[in-house]
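Each residue of the sequence shown is one higher than the last, beginning at 2 in my numbering.
Written below as structure tokens is the structure these notes are about.
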Amino acid sequence: RGRPVPFSLRDGREIGLRGRIDRIDQHRETGQWVLLDYKSSDAGKPPDKMHRRQGAWVDLQLPLYRHLARQLGVDGDVLMGYVVLPRDSKGVEELIADWTAEDLGEADAKAREVGNLILDGVFWPPVYPPPEYSEDLAAICQDNIYARRGTE
């Protein structure tokens, strides 16, 4: 699993990022890098729909992959996205995010905000409704079994 990759926060603090990137490709002629995450689903959602809600970052997986990949020698502008793997192999598709440098800067700022909150021990209030990626686990977690106070 490797060592955590340092991610700088405020006041000289840092957290360690860990993760496993499913696939890293480099175009033979252009040198362009792409970081890919495999998604087993019959209908893939574009990365931006999974990572942002009304323009706000709610999932930082792909943007944080950039920091992990740098430790592996991946440099320059990096594309990120999903490879959707449905049951029917004819439906396999690649969904690449079209984030700008400004978008990714906002993602890094959100990651720093979250990292600072974690180190400060602030874990409240919970996000409601939960991010879309958690729908796969909603039945196990019994989401929406009872109404949440203040959300009716």
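The beta carbon of each residue, even a glycine, is placed where N, CA and C say it ideally should be.
Close Cβ partners of residue i (< 8 Å) along its chain, the five nearest in sequence each way excluded
i	result
serine 42	Val85, Leu86, Pro87
histidine 52	Trp58, Val59, Asp60, Leu61, Gln62, Leu63, Pro64, Ala98, Ala108
Proximal residues to residue i (C-beta, below 6 Å), its chain only, five neighbours per side dropped
i	result
glutamine 27	Trp34
Limits of the unbroken beta strand (DSSP E) element including residue i
i	result
glutamate 94	94-97
aspartate 12	No beta strand (DSSP E) holds aspartate 12; DSSP gives it neither H nor E.
Beta-carbon proximity check, residue i vs residue j, cutoff 7 Å
i	j	result
isoleucine 16	tyrosine 66	no
tyrosine 83	lysine 50	no
leucine 96	glycine 45	yes
Spatially closest choice to residue i from the options, by CA coordinates
i	options	result
glycine 13	Gly116, Met81, Gly106, Ala70	Gly116
arginine 24	Lys46, Leu69, Thr101, Ala44	Leu69
aspartate 76	Thr31, Leu10, Trp125, Val123	Thr31
Run of the alpha helix (DSSP H) containing residue i, from where it starts to where it stops
i	result
proline 64	62-71
arginine 113	102-120
lysine 50	48-52
Neighbourhood of residue i by C-beta distance below 7 Å, restricted to the same chain and skipping five residues each side
i	result
proline 7	Glu15, Gly17
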